[in-house]
Every structure is written in structure tokens, then in C-alpha cells.
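First the structure, in the form of C-alpha cells, and then the observations on it.
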Amino acid sequence: MRSLWTWLWKYLFRAHAVVPLTVAALFVFVTLFAFNEFAFRFVAAKCKDIAPDSWWQPTGAFIAVTCAFFLGGLLGKLPHKKVEPGKDIALRATQFNLTALSLAIAGAWWYETVALASNGKKEPITQYVMCIKGAQNDWTILVFIVAALILGRWLWHRPGSHLQ
Amino acid sequence: MIEGAFIAAVAAGGIARGGLIAIAAGGPGLLLFVTGYDVLCLVKGWPTPGQVIQWWSRDHPFLAGLFALFVGAFVAHIFWHAT
């Protein structure tokens, strides 16, 4: 038991691990509930109309997502293990995954363009997001806030301090 | 334009459930994958995606800015649609 706690402390109970651990734990449930809601309970024919603007939507949500992006940059200052760039397989795996992510984003952008130009033959991603927002507005905003937090943590370079 | 398509889709009886599930569960699922991989990297002592991007963005700040603009524009487009 003691060795388990030692292992957890050594690898996970560190400030730099708090963000991914918290988000991963939260999003296990968010993903499962989202799938359950839209696969089994939600009636696709009943997408709600767009709600009128309020203090929270879109202005408040925009501010919240922007603040999350900058907060992510600040979180990049948390002490982390010093890992030097190398030519090992882990570095290449990470680079491969990031390239795949970039390609996926480009593909989504391409599909969005094609769908918008199809005069209703294809449904744009925006349309799905609007329907999901109509049903689960606050949860949708939470997903965008967390995504902005992670992007901010990735893109704002902060050398920070290193653990020994 | 998007709002018109949305209203037309609602009037026509809804939108494809498969696409709806893919977007609704795929978004948080992607974040789950990313953070799960982040945790795996922390445990294994591998470079995390954040560290790799930071190395890259330090060497290529202009490209990193363009990438942030690209992602931000896409997110803004699908979230803050024109009404």
C-alpha cells in the first residue's frame, strides 16, 4: 500500500498533473452522459430554436472561453519534469498524434466549407453544434472552456521551473 | 445562412442522429483522449503533447500564432454562428 502511494506521489500527485487528471476524470463522465443523452434519449426531430441573446450567451461565454485560454497559459508555469527533446519513439508518437489532430481539424474545416456550399444537401458541423447547444447549453460551453484551457496550456510557451 | 439551414432541418424532421452523436460524444471524447495521453506521458516520463508543442512554438512562433488563429477561427465559427 505504501509503495502505491509512493508511486502515485512520484508520478501523479504533482501540480503539473492536476490539470490533465481533473479533466480526464471529469470527461469520462461527460463523454458517457453525452453519448447516452444523444444516442438514446434525445429526439433528433426536436432540435430547439436558437435562444435569444442574454448576458451569458454569447458575450459571457466568449469571455469565459477567452479567459480559459489565458488561464491555460498561466498553468503552463506549473513545475514539470524536465524532458529534453530526443529522437525516441515517444517523441515521434506525440508528433504523429499532433499531426493527426491538425489533419482532423483541417478535415473538419474542409467538410464545414463543403457542407455550407451544398445548399442543404449536407449538414454543417455548426448545425449539429447548434442542436446540441439547444439541448445542453451549459455543458457545451464547458467543453469549449476546457478545450480553450488545454490549447492555452499548449500554445503559450512558459519555460517555468522544473522538478528535480 | 446556417440559421436558415438549421430551421429547415428542424422543419424537415430533425438532423442525422449519427452526426449528432459523433459531435456530442466525439468532442468530449477527443478531450478525454488528449488528457488521458497526457497522463500516460506523465507516468511514463515521455514528453507530453504540451511540451512538444512548446518546443515547436518556441522555434516557430509565427506558425504557432497561425495555428492558434486557425483553431480559434474554426471554434468561433461553429460556436458563435451568425444569426
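Here the protein sequences come in this chain order: P and W. Numbering of the first sequence is given in this note's numbering, commencing with residue 5 and proceeding in unit increments. Numbering of the second sequence is given in this note's numbering, commencing with residue 1340 and proceeding in unit increments. Idealized CB from N, CA, C, for every residue including glycine.
Among residues of its own chain, excluding the 5 on either side of residue i, which ones have a beta-carbon nearer than 6 Å to its beta-carbon?
i, result
"P:F39", "none"
"P:S7", "none"
To the nearest angstrom, report how far apart residue i and residue j are at their CA atoms.
i, j, result
"W:G1389", "W:C1380", "10 Å"
"P:A21", "W:F1372", "15 Å"
"W:Q1393", "P:V47", "43 Å"
"P:A151", "W:L1408", "14 Å"
"W:R1397", "W:A1403", "8 Å"
"P:V34", "W:G1375", "14 Å"
"W:L1370", "W:G1358", "18 Å"
"W:A1412", "P:C135", "20 Å"
"P:G80", "W:D1377", "13 Å"
"P:N123", "P:A110", "21 Å"
"P:K125", "P:T26", "40 Å"
"P:A43", "P:Q140", "14 Å"
Since residue i meets chain P, which of its residues come closer than 8 Å, beta carbon to beta carbon?
i, result
"W:H1416", "E116, T130"
"W:L1359", "F42, F46, A48, Y132, C135, I136"
Measure the CB-CB distance between residue i and residue j and report whether it falls below 8 Å.
i, j, result
"W:I1417", "P:V147", "no"
"P:G138", "P:C71", "no"
"P:V69", "P:I149", "yes"
"W:V1391", "P:Q99", "yes"
"P:F31", "W:P1367", "yes"
Does the ligand FAD have a heavy atom nearer than 7 Å to the CB of residue i?
i, result
"W:P1400", "Among the ligands in the structure shown, none appear at all, so the ligand FAD cannot be discussed."
Taking residue i as the query, report the chain W residues whose CB atoms sit under 7 Å from its CB, ordered along the chain.
i, result
"P:C71", "Correct list: empty, because the minimum Cβ distance to chain W is about 14 Å."
"P:W113", "F1413"
How would you list, in chain order, the residues of chain P whose beta-carbon sits under 9 Å from the beta-carbon of residue i?
i, result
"W:L1405", "Correct list: empty, because the minimum Cβ distance to chain P is about 11 Å."
"W:L1402", "Simply none; closest approach about 11 Å."
Which residues share a DSSP beta bridge with residue i?
i, result
"P:P62", "P:S58"
Can you list the residues of chain P that residue i reaches, using a CB-CB cut of under 7 Å?
i, result
"W:L1371", "A28, F31, V32, T35"
Within a Cβ cutoff of 8 Å, which residues of the same chain sit near residue i, ignoring the five residues on either side of it in sequence?
i, result
"P:I129", "A112, Y115, E116, A119"
"P:E127", "A119"
Excluding the five sequence neighbours on either side, which residues of its own chain have a C-beta within less than 7 Å of the C-beta of residue i, listed in chain order?
i, result
"W:A1363", "none"
"P:A65", "I145"
"P:G156", "A72, F73, F74, L75, G76, G77"
Strictly below 8 Å CB to CB, what residues from chain W border residue i?
i, result
"P:F148", "V1414, F1418"
"P:N141", "Correct list: empty, because the minimum Cβ distance to chain W is about 11 Å."
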